[in-house]
Amino acid sequence: MYIENFRDQIYNCGRCGYCLGGYISHVCPSRFIAGFESATARGRMLIAKALLERKLDYSQDLASMLFTC
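Here numbering that gives the first Met the number 0 is used: position 26 in the sequence shown is 25, and no number is missing along the way.
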């Protein structure tokens, strides 16, 4: 699975939420545009982790969430 190549980066995310606020929200306003946390860096990392651990099945919708920026 291609996502295996990103295992270190996926597990490096501490899910702290820093990417959700402060000046980051001005740099990456995807949360406010989409209205869902899955559009944020943390949300995408959680989706990627679930795919990596086979807790979610791959779908085109998940791929769109992961690769939308």
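Don't be surprised by glycine CBs; every beta carbon is placed ideally from N, CA and C.
Within the same chain, show all residues whose beta-carbon is closer than 8 Å to that of Leu61, passing over the 5 residues directly before and after it, in chain order.
As a working mapping, residue 61 is identified with position 62 in the sequence shown. Around Leu61: Ile46, Leu50 and Leu55.
Can the beta-carbon of Met44 be found closer than 9 Å to that of Cys12?
In the sequence shown, residue 44 corresponds to position 45, counting from 1. In the sequence shown, residue 12 corresponds to position 13, counting from 1. In this structure, Cys12 lies closer than 9 Å to Met44 by Cβ.
For Glu71, which of helix, strand or coil comes out of DSSP?
This structure cannot speak to residue 71, because the chain is shown only from 0 to 68.
Roughly how many angstroms separate the alpha carbons of Thr67 and Ile32, rounded to a whole number?
By 1-based counting over the sequence shown, the position of residue 67 is 68. By 1-based counting over the sequence shown, the position of residue 32 is 33. In this structure, the CA atom of Thr67 is about 12 Å from the CA atom of Ile32.
Where does Phe37 fall in DSSP's three states?
Here residue 37 is taken as the residue at index 38 of the sequence shown, counted from 1. It should be noted that the sequence gives Ser, not Phe, for residue 37. Here Ser37 carries a helix assignment [DSSP, helix/strand/coil].
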